Amino acid sequence: MGDAMKVVKSLYFQILCAVLLGVVVGHFWAQQAIALKPLGDAFIKLIKMMIAPVVFCTIVTGIAGMSDKRSLGRLLSKTMLLFLGLTVISLIIGLVAVYVFKPGVGMNIDPSHLSTAGLSQYTESAAKLGVVEFFMHIIPDTFIGAFSKGEVLPVLFIAVLCGFALSSLGERGKPVLDVLEAASQMVFKIFSYLMRFAPIGAFGALAFTVGQYGITSLGSLAKLIMTLYVACAFFVFVVLGSICRAHGFSLWKLLRYLREEFLVVLGTSSTEPVMPRMLEKLQALGCSKGVVGLVLPTGYSFNLDGTAIYLSLAAIFIAQACNIDLTMTQTLTMLAIMLLSSKGAAGVTGSGFVALASTLTVIHDIPLAGLALLIGIDRFMSEARALTSLASNAVATVVMSISESACDRQVLLDTLDGKTPAVPEGDQTWDPVGTPTHI
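UniProt numbering numbers the first residue of the sequence shown as 1 and each following residue consecutively.
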């Protein structure tokens, strides 16, 4: 009886029930389900308001606690190389999957007959995306302005500067560091309160999705959706699984450890609501605060592997549906543009769809009107994109911690096995030449 009550009270069980209930309500009571959209929107807004302070406090205290600041440059270089490699692999997997399953072949669509109504909001957002604009956007207009919009990269930029400044001040900076440590505990406690509303948010978001678009809308394009989910599953279980095995830990156990976060992402189609909790849980695995605080938020903008798979797959699907044969040169050019557009869309609502629009706007080989084929099912595909990207960033964070000797392997293995950590819980400082030290 006691074990049963423990399961019922667990956040995982509550979110799982909410997700299933959302599907049922959305299918049988569509009109009422559409009215539940504010539940999901309110939960996401509640969590997003905490992202900036959580990221700032985590990164500043993490960098200020590093014993060797020169290792920061090495960490960032290795992280960006890993992200680049994973993105290239993702694009290739999407390309191979769409050519193997051929979901668009035989549709014989005439682009001139497609309705472009509803595409304007995405094409307008795509027109604003660019490499220069993306990097300029990292620099906020003012120091406080970095926090006002709740975007990750400007906050990350300010936090790194503050972390180095506090570290160089030595003892004079310790009072400020103590305040930030206390503030960090406060914002994580607030976040733990807000996560109690996760089942309500997931229920409202999923009920709206099913009610608005209907499960029956999946029928005509079911093969495309299946192709995307197969490609994403291959990336997660084969590519990420191989990386995990090579670094001595189990992907399956990591996914099980993060199951609550994956259910929230499944319900909301967004990875943002779980970022604060991911920072906390990855540190609990024995990974240093400094590495987790840098790699995970950076990955949220630069390691969107689910989006990368979707980009190459969806673009070729439109070409197949419209009977357009691309040359090897055209395909390689498209992939090169997607390497950039998958990053440029970070933080934009419907980022995968916007990134695809920006790619098609540039290459011209595939009709932009072809996006009309995807707009009705994009919400159902966004779950696959978000889940894949979250899994990739979780693996990347643990892998970078291990490669920098900034992860207590015993704590990692014990925690993934569900055992009590071998060392007391506490904040960690990064010792690049050894394991994390607990303070």
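Cβ atoms here follow ideal geometry from the backbone N, Cα and C, with glycine treated the same way.
These figures come from a predicted structure and were not determined experimentally.
Assigned with DSSP and collapsed to three states, Cys-322 falls in coil, not helix or strand. Rounded to the nearest whole angstrom, the C-alpha separation of Ile-89 and Phe-208 is 34 Å. Taken atom to atom, the span from the alpha-carbon of Ile-337 to that of Ala-386 is near 21 Å. The beta-bridge partner set that DSSP reports for Cys-407 consists of Cys-287.
Taken through DSSP and simplified to helix, strand or coil, Asn-393 comes out as helix. If you draw a straight line from the Cα of His-247 to the Cα of Lys-253, it comes to about 14 Å. The C-alpha of Leu-161 lies about 43 Å from the C-alpha of Thr-227. Contact holds between the region 194-208 and the region 26-38, because three or more Cβ pairs, one in each stretch, are under 8 Å apart. If you look at Ile-15, you'll find it in the alpha helix (DSSP H) that goes 11-28. By the CB criterion at 8 Å, Gly-241 and Leu-251 fall inside the cutoff. Around Gly-293, the same chain offers Thr-58, Ile-59 and Gly-62 as residues with beta carbons nearer than 6 Å, after the five sequence neighbours per side are excluded. Put simply, of Ala-384, Ser-71, Pro-140 and Glu-181 the residue whose alpha carbon is nearest the alpha carbon of Phe-235 is Ala-384. Taking 8 Å as the cut-off, the beta carbon of Ile-44 is found closer than this to the beta carbon of Gly-201. Remark: fewer than three beta-carbon pairs, one from each stretch, lie closer than 8 Å, so the region 161-173 and the region 302-311 are not flagged as touching. Here Leu-326 is near Asp-365, since their CB atoms are less than 8 Å apart.
Rounded to whole angstroms, Ile-51 and Met-275 show a C-alpha spacing of 7 Å. Thr-397 is not a Cβ neighbour of Ala-284, given a cutoff of 8 Å. Look at the beta carbons and you see the region 142-159 not touching the region 17-32: under three pairs across the two are nearer than 8 Å. When secondary structure is reduced to three states using DSSP, Asp-414 falls in the helix class.
Within the same chain, Cβ atoms closer than 6 Å to the Cβ of Val-210 are found at Val-23, Gly-26 and His-27, the five residues on either side in sequence being excluded.
When the Cα atoms are used, Lys-102 and Val-176 turn out to be separated by approximately 58 Å.
Nearest Cα to Tyr-193 within the set Leu-46, Thr-361 and Ile-15: Leu-46. With a threshold of 16 other beta carbon atoms within 10 Å, Gly-85 falls short and is exposed. In this structure, DSSP gives His-247 a state outside helix and strand, which the three-state scheme calls coil. Glu-171: not part of any alpha helix (DSSP H); DSSP gives it neither H nor E. Going by C-alpha positions, Leu-263 is about 15 Å away from Ala-394.
In this structure, Ala-231 sits near Ile-93, with a CB-CB distance shorter than 8 Å. Taking C-beta atoms as the reference points, Phe-83 and Val-155 fail to come closer than 8 Å.
A Cβ-Cβ separation of about 16 Å leaves Val-411 out of contact with Gly-290 under the 8 Å criterion. Of the residues Leu-91, Leu-390, Val-265 and Ala-182, the one whose Cα lies closest to the Cα of Ser-341 is Leu-91. Of all alpha-carbon atoms in Glu-272, Met-107, Leu-95 and Ile-139, the one lying nearest the alpha-carbon of Gly-40 is that of Glu-272. Nearest neighbour of Ala-372 by Cα position, chosen from Ala-321, Gln-31, Leu-390 and Ser-301, turns out to be Ala-321.
For Met-226, the enclosing alpha helix (DSSP H) covers residues 222-234. Given a length threshold of 4 residues, each whole run of the alpha helix (DSSP H) inside the region 35-64 is given here in chain order: 37-64. Here Ile-109 is buried. Its C-beta has 16 or more other C-beta atoms within 10 Å.
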